[in-house]
Amino acid sequence: MDTVAGFEKLREEGSIRAWGVSNFDLHDLEELPKGAVPACNQILYNLTRRGPEANLFPWCERMGAAVMAYSPVEKGALLDHPDLRRVATERGATSAQVALAWSVRRGGVVAVPKAARLAHVEENAAALDLELTDEELEVLDRAFPAPGVVPLETLS
Ligand SMILES: NC(=O)c1ccc[n+]([C@@H]2O[C@H](COP(=O)([O-])OP(=O)(O)OC[C@H]3O[C@@H](n4cnc5c(N)ncnc54)[C@H](OP(=O)(O)O)[C@@H]3O)[C@@H](O)[C@H]2O)c1
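FYI, the numbering for the sequence shown is 9 to 164, going by the working numbering.
This is the structure:
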């Protein structure tokens, strides 16, 4: 927690505007010094990794910390899921765009997909304009059910 105290000092002095954390589970966040709130917590979050919804999201919402979803397309591994493909095809979008639009469907969540190919970068950027309907969200909810409270998963 010396690091957080240092970040807070730098913030108070105006040397930095904000600081963030990564892979902090609820117990890590609760151990932060009183009043020290990260600007964001970068965590593994996508359709197949919905654990954070149960306890981390509420903490972040309550404290005003953003969630930054890393590996939002599970390194590409979830893009061939048939239900995801079906929602995407019916919408005239790609699986990646639907997965990304899903990951940022609620306020306070941003996603950081990695894309080396320009076509992927452009495709992913266009996902910002995609707002999923309640029906589409229900299909995805059934295909990728949230697990309830589980320890935060990580990926290297
Ligand atoms: N804080 C942490 O512990 C942590 C851990 C892991 C990752 N991260 C960060 O999270 C970010 C991304 O995570 P990630 O690389 O693990 O996973 P990811 O963004 O879920 O997946 C990246 C893979 O998906 C492909 N892809 C991207 N857009 C696509 C599209 N529209 N269609 C098809 N394939 C697409 C990419 O291909 P191409 O590259 O060929 O375009 C790449 O192979 C990175 O900034 C990384 O540093 C943080």
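We put the beta carbon where it would ideally sit given N, CA and C, even for glycine.
Bridge partner(s) assigned by DSSP for residue i
i    : result
L6   : The structure shown does not extend to residue 6, since the chain is modelled only from 9 through 164, so no value can be given for it.
S30  : Q50
A119 : A77
R57  : N54
Counted within 10 angstroms of its Cβ, other Cβ atoms place residue i as buried (16 or more) or exposed
i    : result
D149 : exposed
H35  : exposed
R25  : exposed
E143 : exposed
P155 : exposed
G14  : exposed
G59  : buried
L92  : buried
S79  : buried
P41  : exposed
Residue range of the unbroken beta strand (DSSP E) whose run includes residue i
i    : result
A109 : Premise fails: A109 lies in the alpha helix (DSSP H), S103 to S111, not in any beta strand (DSSP E).
Residue interval of the alpha helix (DSSP H) (run including residue i)
i    : result
K17  : D10 to E21
P153 : Premise fails: P153 is in no alpha helix (DSSP H) and is neither H nor E.
P66  : P60 to M71
R94  : P90 to R99
E39  : Careful: E39 lies outside any alpha helix (DSSP H) and carries neither H nor E.
L126 : L126 to A134
Decide yes or no for the touch test of the stretch 84-101 against the stretch 67-75: beta carbon pairs closer than 8 Å, at least 3 of them. Contact between the stretch 84-101 and the stretch 67-75 is absent, because fewer than three Cβ pairs lie under 8 Å.
Inter-stretch contact (C-beta, 8 Å, three-pair minimum) for the stretch 134-142 and the stretch 38-52: no
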